[in-house]
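According to the numbering used here, the sequence shown is numbered sequentially starting from 5.
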Amino acid sequence: MLHSSIIVLNTQSFNPSASSNSRWKVHDLMSLIENERLNQHKIPFFALTETWLKSYIADAQLHIPGYCISRCDRDKRVGGGVLLYSHEDIPVSSSETYDDTFCQAMFTVFHTAKMCVATVYRPPNASYSSFNGVLNFLRKNISDLDDDSYQLCITGDFNLPSIDWNSNTVSSGGSSESSLSASALLSFMSDHLLNQYVLSPTRNNNILDLFITNDDRLVTHVNCTETDLSDHKMVEVKISSNPTSSNRPHVNTFDENGFRSLDFHNADYDVLNQKLGEVDWDQLRASCSFEEFPTLFTDTLFQICQAVVPKKKPSSGKPKALNTLRRKKKKIQTRLSAAV
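Here it is, written out as structure tokens:
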């Protein structure tokens, strides 16, 4: 019987460079996926934190067959970063990122599966104002959905060990910044009718890596197991549905990982040429084998185009009249809030 899980892990570096001590981790993840596939086990999402990646590391170096990559790197400081591998059968509709050099977050929407996956990294010493920025980022993206029927999954390493998840209360003993952040997370969850399902330690005796959702029927079981990939445990969240199933409503979308998703008719070619000129193509060629270079070249070119060229806007699949009513509803709600 086919079953599905979402995997959550703090990788403590996912750098695939030849000189990196963690260069083997991508291949280990591939082996894990293949073993699970042989056991009729589908993994629609891998949510990774503390990837320690930089923007000069191409997606091609992180490629896992059958998966798309969404990521938010921390370029200005060491460490941090989040990455989401999503199964290619679930097209990425949009992916927004947040980075204040301390906390990182990413909000990825999958219209065909009617799901959103938010991946969050909050370092242990993050201030309350920094983490509150993450929560405001999540609030805005949830509000922009304007559709209560989406399954919302928020996961990652929150580093908030002071929360007692059996009682949803904050224990004493932590720093004031951590306590304020913990209370803010609980209030955010209460406002959006969310529950957290990881109830056993994920590092030492602390529950640091979380899985939060608005669907109380989604999670069937949670396993936290030791792994060679990190000193954090790997969190496996078994879910009741298979988002990769073909039995879902059709929505016209563009492949987010292809050039066809980009609107070259409205591109700024001066900026594009400037960005292409900044790349050391000879160094890129020398960084890999002859066989690997075509893929690395194409992915590097696509990353540059993706950063400069605007995206095409696919149809949401919703009737125009319904969209109009939703916009009117939102305007009325905004006016009522202002009046109060």
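We treat Cβ as the ideally placed atom computed from N, Cα and C, and that holds for glycine.
On a predicted model such as this, the values are computed, not experimentally measured, just so you know.
Report the option in E40, S26 and R27 whose CA atom is closest to the CA atom of I11. E40
Alpha carbon to alpha carbon, what distance is there between I211 and L142? 21 Å
Does the beta-carbon of P20 have 16 or more other beta-carbons within 10 angstroms, so that it is buried, or is it exposed? buried
Output the distance between the C-alpha atoms of H7 and T206, rounded to the nearest integer angstrom. 23 Å
Tell me the DSSP secondary structure of A64 in three-state form. helix
For R221, count neighbouring Cβ atoms within 10 angstroms of its own Cβ and tell me buried if that reaches 16, exposed if not. exposed
Using only the heavy atoms of the ligand HEM, determine whether one of them is closer than 6 Å to the beta carbon of R78. No copy of the ligand HEM appears in this structure; indeed no ligand is present at all.
Could you name each continuous beta strand (DSSP E) segment of 3 residues or more that falls completely within the stretch 98-168, going from the start of the chain to the end? 98-103, 108-114, 119-125 and 155-161
If you reduce the DSSP assignment to three classes, tell me which class C309 lands in. helix
Roughly how far, in whole angstroms, is the beta-carbon of I146 from the beta-carbon of L156, given that I think they are within contact range, below 8 Å? 7 Å
Could you check how far apart the C-beta atoms of L57 and D77 are, in whole angstroms? I think they sit under 8 Å. 5 Å
Rank S249, I243, L288 and F18 by C-alpha distance to the C-alpha of Y201 and give the top, closest one. I243
Would you say the stretch 59-67 touches the stretch 298-310, given that touching needs at least three Cβ pairs under 8 Å? yes
Own chain residues within Cβ distance below 8 Å of A130, not counting five before or after: F106, C107, N163, E181 and S185
Residue from D150, L139, N43 and L288 with nearest C-alpha to V113: D150
Where the beta strand (DSSP E) through E240 begins and ends: M238 to I243
Where does L184 fall in DSSP's three states? helix
As a quick exercise: from S293, A290 and T224, pick the residue whose alpha carbon is nearest that of V241. T224
Across which residues does DSSP place Q200 in a beta bridge pair? I216
Inter-residue CB distance, T304 and P48 (contact presumed, cutoff 8 Å): Contact flag wrong, Cβ pair sits at about 27 Å.
Where P205 sits in the DSSP three-state scheme: coil
Which residues share a DSSP beta bridge with H7? H45
Identify whether V96 lies in helix, strand or coil by the three-state DSSP scheme. coil
For L13: DSSP bridge partner residues: L52
Anticipated Cβ contact below 8 Å, S204 with N14, distance rounded: Actually they do not touch by this definition, with Cβ atoms about 15 Å apart.
Alpha carbons only, please: which of I308, D103, T101 and C120 is nearest the one belonging to S90? C120
How big is the Cα-Cα spacing for S9 and N246? 8 Å
Could you give the first and the last residue of the continuous alpha helix (DSSP H) run that contains R289? W285 to A290
Opposite L266 in the DSSP bridges: which residues? K315
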